[in-house]
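Asker: Protein sequence lines correspond, in order, to chains S and F.
Residue numbers for the first sequence follow my numbering, beginning at 1 and rising by one.
Residue numbers for the second sequence follow my numbering, beginning at 496 and rising by one.
Here you go, one structure.
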Amino acid sequence: MGIGTVEGFATADRAQVAAALRSMLAQDAVIDDPIALAPYEADAFTTRRQAPMLAALPASTAEVSAVLKYCHEHAIKVVPRGAGTSLSGGSHGLADGITLGLAKLNRVLKIDYENRCAVVQPGVTNLGISNAVDGAGFYYAPDPSSQLACTIGGNVAENSGGVHCLKYGLTTNNILGLELVLMTGEVVRIGGPHLDSGGYDLLGVLVGSEGLLGVVTEVTVRILPKPPHVRAMLIGFPTIEDAGDCVASIIGAGIIPAGMEMMDQAAVRAAENFVKAGYPLDVAALLIVELDGPIADIDQCFATIRAIAESAHAVSCLESRDDNERMKFWAGRKAAFPAVASLAPDYYCMDGTIPRHRLADVLRRIEEMSARCGLAVVNVFHAGDGNLHPLILFDANKTGELAKAEKFGEDILRLCVDVGGVLTGEHGVGVEKRDLMPLMFNQVDLDQQMRLKCAFDAQHLLNPDKVFPNLKRCAELGRVHIHHGKMRFADLPRF
Amino acid sequence: MARFLPQCVAELAEIVAAAADEQSPLAVCGSETKRNIGRTCAIADVLSTAAIRGIKLYEPEELVLTVYSGTPLGEIEAALAQRDQHLAFEPPRFHRLLGTEGPTSIGGVVATGLSGPRRMTAGAVRDHVLGFQAVNGRGELIKAGGRVVKNVTGYDLSKLMAGSFGTLAVLSEITLKVLPRPARVQTLVAQGVGAREGVSLLSRALGGPFVASGAAWLPPQLAGNGDSLAAIRLEGTAESVAARGLALRTALSAFSGTLDHDESCALWQSVGEVEGLADMAGAVWRISVPPMSGPDILEAVPGATGFLDWGGGLVWLLVPETGDCAAERIRAAVAKVGGHATLFRASAEMRRTIPVFQPLEGPLAALTRRVKESFDPLHILNPGRMYPDF
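Next comes the structure, spelled out in structure tokens:
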């Protein structure tokens, strides 16, 4: 389908919707020109493209509410979008829907150091929050690698993680409150500058709901005092198994590092070639362990970690002597994705999580699959929490390779679930993995989740093609089957 | 009137399905140590998960624990302690405050969503539930989440379960994140400081690099030696605790007193379990507000006695058990600063007439009801426990 072709929506309808939205938003806040819509064709999940019917860029909660109310009344689908950095197609456009860009809501509204929180609009970038509070010695903890570009609104939708979530938690553990516009245009506030919401923990279920339940227009985040000291250690291992053992033993020794990242040999070599981080090239796996906090803790824990690494056959073990060196340790890891991009025309990034002790086993099996299907794989991952990011190398211009890469990716995720893990650790289900949901959930489980969706959006207008393989109608899901007299429970134990 | 004590998950599901079939409500509970929290509601049939118990999986290196919902908290804590681990959200027992006894079940801990002093920095119950299995109001066995820390597959229904007081589904199995238990505890105290000065000190301590895991203020009548105090808890290895204590005292000289390990454990247990107010007559409110607003809430009711946890953000307030137990006054004060107030301890009669949980308004009330009905369309699970009409 070419740019601007609209399926299921006549051009006349589009003109009508555009005119209606222009009456509630600034003139330039409605984009219906096919060329101008091109940036909205895809997010960072680039293998699928679809231009939306049009894009609307509201600049206030009232405008978001007006747009959603209109769309609700006219049964028009809506796809919310932050910076478009989703790796699972979370803001993948719909030909018969509008894409609601929240980028104009980009102000930091309030910083409250005494109560250790900040109130920001959803279009503020993740790093923008930390930058806003940096001068006072605070930061916002979750740090997805796209933090320069990705927005807090998108982080809320996807429950984004990052390198430091091992110790400081994911987005969900760092959000205190939300202002949310429901698909009907109703505005609700949940939580606030205090801990725990009254009533059901709707905050907890909204974070990570992938934009299917409501549109976030304001976020209250926790901010933390920056740790006084940060130090990293670079440990090289002769085998992946040794590295895996070391990770398990560190956690087993009661140490929760701020971050614990692993790269396999292919990733190490690619990264070293790309940024010259000074990584040892003869190791099968490289581990970066970062500790933060009081100096006494760091010294003590690194002594323990060094001993653990040595008994896990580490061949090299370097401690950063200053911040420059620490940043150099990280430079390779942070550049790993672009470095891998230089190895092949395309790569496909997976995101399964597994129980840590299955690490070596799973990596070996991924290697076997790679040999079988003929596509190379590079592993860069958050070892501390078992979140794998296998990068499958392929060339989309070769016939059949994309399909082969997708099949390989699916097999990796199946393996993750088989060993007790999950389909996605931090990138979301989106359009990418929705058809794999039955690997983890049976129909009863999925029906329950869809019923919750119905409680927020009874007509399935909000981001409707994501997460669920087969979104059932709410009327069907709401039916209650009564089997009078069929079940007896007289003989069950009582007390 | 029946009391059901299913022995396995299949029996549990059958009982709920039968109740749904007959549209006959169930009073859902674990071991009933927190049965007096919530609205008073008359439900004839009781369903307890107390017999569905045991540790199903505990992998210390993975920091993960899966238990059946009826498992006593004490059994879990003992198993974790053997491997120097714990539940970091510090689940309090409210036996003395609520006048109950016996073991507390983990299902009840999750269903009530109540966390201790460490909640401020380590997160609440909800932050430690990785996954669960439960029976919804249709009698269907549902599961969500998983056993790994990092998981965004599907909606995070685990969070919704925490604090839903058994009104959405009956928990049968819970997977929790567990963490290393700190070896040493030390508490630094500033004595003779009023609530505002105290909260300001706590805020400065929490905003600094000291990694505190507890921050409370107690008035003279609740502090041991008759002088009000602000207290900061430091946990970790002995060396770390000593170093941080020194740094904190250097930065904030008001924290001149020290409580050792055992004294600290006693103090923070007493704070978390509200022991100071337990033996005093009156109704007790649990109020969550922005930390710096804690003192405003303490002053909202003349003559009330209260103390502050979570750096000022959690107010425990004892008021005379008369009239509306100061509900209107307290909720007006909370509305000014943002937060919510729960009538935590009061007579059955009071809890019948005064909204126990923060009343919901407008679209949020309607949304909450729809969420309830998405799990329990027939209103058979603990109807009325949280809100009068569902």
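By construction, the Cβ of each residue, glycine as well, lies at the ideal position given by its N, Cα and C atoms.
The model shown is predicted, which means the values in this text are computed figures rather than measured ones.
Between the stretch 529-539 of chain F and the stretch 644-656 of chain F, do three or more beta carbon pairs fall short of 8 Å?
Answerer: Segments in contact, no.
Asker: Below 7 Å between beta carbons is the criterion; list the residues of the stretch 829-843 of chain F that meet it against any residue of chain S, in chain order.
Answerer: Correct list: G833, G834, H835.
Asker: Considering just the uninterrupted stretch of the alpha helix (DSSP H) at A606 (chain F), what are its terminal residues?
Answerer: In the second sequence, counting from the first residue as 1, residue 606 (chain F) sits at position 111. Start and end: 601-607.
Asker: Excluding the 5 residues flanking S698 (chain F) on each side, which residues of the same chain have their C-beta closer than 8 Å to its C-beta?
Answerer: Within the second sequence, residue 698 (chain F) is the residue found at index 203, counting from 1. Once the five neighbours on either side are set aside, the close Cβ partners of S698 (chain F) are P786, M787, G806, G807.
Asker: Mind checking if D791 (chain F) is an interface residue toward chain S, Cβ cutoff 8 Å exclusive?
Answerer: As a first step, residue 791 (chain F) is located in the second sequence; it is residue number 296 there, counting from the start. So no, D791 (chain F) is outside the interface.
Asker: Suppose the cutoff is 8 Å on Cβ atoms and the five residues either side in sequence are ignored; what does the same chain contact list for I3 (chain S) look like?
Answerer: Walking along the first sequence from the start, residue 3 (chain S) turns up at place 3. Since pLDDT at I3 (chain S) reaches only 37, below the 50 mark, its modelled position is unreliable, and the value read off the structure follows with that caveat. Cβ neighbours of I3 (chain S) beyond the five flanking positions: P34, I35, L37, A38, E41, A51.
Asker: Grab me the residues of D43 (chain S)'s own chain with a C-beta within less than 6 Å of its C-beta, minus the 5 sequence neighbours each way, in chain order.
Answerer: On the first sequence, residue 43 (chain S) is found 43 positions in, with the first residue counted as 1. Result list for D43 (chain S): G84, S86, S91, in chain order.
Asker: Rounding to the nearest angstrom, what Cα-Cα distance links D791 (chain F) and H194 (chain S) in this structure?
Answerer: One-based indexing of the second sequence puts residue 791 (chain F) at position 296. One-based indexing of the first sequence puts residue 194 (chain S) at position 194. Answer to the nearest angstrom: the Cα atoms are 14 Å apart.
Asker: Does chain F have any CB closer than 8 Å to the CB of P294 (chain S)?
Answerer: Taking the first residue of the first sequence as position 1, residue 294 (chain S) is located at position 294. Answer yes: the Cβ-Cβ gap between P294 (chain S) and chain F drops below 8 Å somewhere.
Asker: Does F381 (chain S) come out as helix, strand or coil in the three-state DSSP assignment?
Answerer: The residue you call residue 381 (chain S) lines up with position 381 of the first sequence. In the structure shown, F381 (chain S) sits in a strand (DSSP, three-state: E or B).
Asker: What are the start and end residues of the alpha helix (DSSP H) that includes N155 (chain S)?
Answerer: Within the first sequence, residue 155 (chain S) is the residue found at index 155, counting from 1. Start and end: 152-158.
Asker: Below 8 Å on C-beta distance, what does M437 (chain S) contact in chain F?
Answerer: The residue labelled residue 437 (chain S) in the question sits at position 437 within the first sequence. The answer, in chain order, is T648, G649.
Asker: Using a Cβ-Cβ cut-off of 8 Å, state whether A566 (chain S) counts as contacting chain F.
Answerer: The requested residue 566 (chain S) does not occur in the structure, where chain S is confined to residues 1 to 495.
Asker: Three-state secondary structure (DSSP) at N126 (chain S)?
Answerer: To locate residue 126 (chain S), count along the first sequence from 1; it is residue 126. Three-state result, N126 (chain S): helix.
Asker: Let me confirm a value: E319 (chain S) is counted as buried when at least 16 other C-beta atoms fall within 10 Å, else exposed. Which label applies?
Answerer: Locating residue 319 (chain S) in the first sequence gives position 319, where the first residue counts as 1. Looking at its Cβ environment, which holds 16 or more other Cβ atoms inside 10 Å, E319 (chain S) is buried.
Asker: Using a Cβ-Cβ distance under 8 Å, would T561 (chain F) count as near chain S?
Answerer: Walking along the second sequence from the start, residue 561 (chain F) turns up at place 66. It does not; no Cβ of chain S falls within 8 Å.
Asker: Considering Cα atoms alone, identify which of S:E325, S:G137, S:P122, S:D395 is closest to V112 (chain S).
Answerer: Within the first sequence, numbered from 1, the residue matching residue 112 (chain S) stands at position 112. Just to set this straight, residue 112 (chain S) is Asp in the shown sequence, not Val. When only C-alpha atoms are compared, the closest one is S:G137.
Asker: Quick one: what's got a C-beta closer than 6 Å to K638 (chain F)'s C-beta in the same chain, skipping five residues either side?
Answerer: Taking the first residue of the second sequence as position 1, residue 638 (chain F) is located at position 143. Result list for K638 (chain F): Q628, in chain order.
Asker: For S691 (chain F), decide whether its Cβ has a neighbour in chain S, counting only Cβ atoms nearer than 8 Å.
Answerer: For the purposes of this step, residue 691 (chain F) is identified with residue 196 of the second sequence, where counting begins at 1. Looking at the sequence itself, residue 691 (chain F) is Arg, so the reference to Ser does not match. Taking Cβ atoms only, chain S never reaches closer than 8 Å to R691 (chain F), which makes this a no.
Asker: Helix, strand or coil, according to DSSP, for H357 (chain S) in the structure here?
Answerer: Reading the first sequence from its first residue, position 357 is the one you call residue 357 (chain S). DSSP places H357 (chain S) in helix when its eight states are reduced to three.
Asker: Just checking my contact of V769 (chain F) with L592 (chain F) at CB under 8 Å: how many whole Å lie between their CB atoms?
Answerer: As a position in the second sequence, residue 769 (chain F) is number 274, starting the count at 1. As a position in the second sequence, residue 592 (chain F) is number 97, starting the count at 1. Rounded, the Cβ-Cβ distance is 5 Å, consistent with contact.
Asker: Classify P39 (chain S) as helix, strand or coil using the three-state DSSP reduction.
Answerer: Sequence index remark: in the first sequence, residue 39 (chain S) carries index 39 (1-based). Looking at P39 (chain S) - three-state DSSP - the assignment turns out to be helix.
Asker: Return helix, strand or coil for Q454 (chain F), following the three-state DSSP convention.
Answerer: Lying before the first or after the last residue shown, residue 454 (chain F) is absent from chain F, which here runs from 496 to 885.
Asker: Under the three-state reduction of DSSP, which class applies to P675 (chain F): helix, strand or coil?
Answerer: Your numbering for residue 675 (chain F) matches position 180 in the second sequence. It is a strand residue.
Asker: Taking the continuous beta strand (DSSP E) assigned at N387 (chain S), which residues delimit it?
Answerer: Taking the first residue of the first sequence as 1, we reach residue 387 (chain S) at position 387. N387 (chain S) -> beta strand (DSSP E) spans 387-394.
Asker: Is Q853 (chain F) close to chain S, meaning its C-beta is less than 8 Å from at least one C-beta of that chain?
Answerer: Along the second sequence, one-based indexing puts residue 853 (chain F) at 358. Closer than 8 Å to some Cβ of chain S, the Cβ of Q853 (chain F) qualifies, so yes.
Asker: Could you tell me which of F:L560, F:L655, F:R578, F:E570 sits nearest to A606 (chain F), measuring between CA atoms?
Answerer: On the second sequence, position 111 is the one that residue 606 (chain F) refers to. That would be F:L655, whose Cα lies nearest to the Cα of A606 (chain F).
Asker: In the structure shown, what three-state DSSP assignment does Q686 (chain F) receive?
Answerer: As a position in the second sequence, residue 686 (chain F) is number 191, starting the count at 1. Q686 (chain F): strand per DSSP, three-state reduction.
Asker: Report buried or exposed for S842 (chain F), applying the criterion of at least 16 other Cβ atoms within 10 angstroms of its Cβ.
Answerer: Your numbering for residue 842 (chain F) matches position 347 in the second sequence. Looking at its Cβ environment, which holds fewer than 16 other Cβ atoms inside 10 Å, S842 (chain F) is exposed.
Asker: Are the C-beta atoms of F885 (chain F) and some chain S residue less than 8 Å apart?
Answerer: Position 390 of the second sequence holds residue 885 (chain F). Output row for F885 (chain F): interface = no.
Asker: Using a cut-off of 7 Å between C-beta atoms, extract the partners of N387 (chain S) located in chain F.
Answerer: Mapped onto the first sequence, residue 387 (chain S) falls at position 387. Chain F residues near N387 (chain S): K645.
Asker: Just verifying my parser: in three-state terms, what is the DSSP assignment at N397 (chain S)?
Answerer: Here the question's residue 397 (chain S) lines up with position 397 in the first sequence. It is coil, neither helix nor strand.
Asker: 8 Å is my cut-off, CB to CB: does M440 (chain S) come that close to chain F?
Answerer: Sequence index remark: in the first sequence, residue 440 (chain S) carries index 440 (1-based). Output row for M440 (chain S): interface = yes.
Asker: Against chain F, with Cβ distances strictly below 8 Å, would A475 (chain S) count as a contact?
Answerer: Within the first sequence, numbered from 1, the residue matching residue 475 (chain S) stands at position 475. Not one chain F Cβ lies under 8 Å of A475 (chain S).
Asker: Please state whether the Cβ-Cβ distance between G565 (chain F) and R548 (chain F) is less than 8 Å.
Answerer: As a position in the second sequence, residue 565 (chain F) is number 70, starting the count at 1. As a position in the second sequence, residue 548 (chain F) is number 53, starting the count at 1. It is a contact, given that the beta carbons lie within the stated cut-off.
Asker: Short of 7 Å Cβ to Cβ, which residues in the stretch 63-77 of chain S face chain F?
Answerer: Listed by position, the residues of the stretch 63-77 of chain S near chain F (Cβ gap below 7 Å) amount to none.
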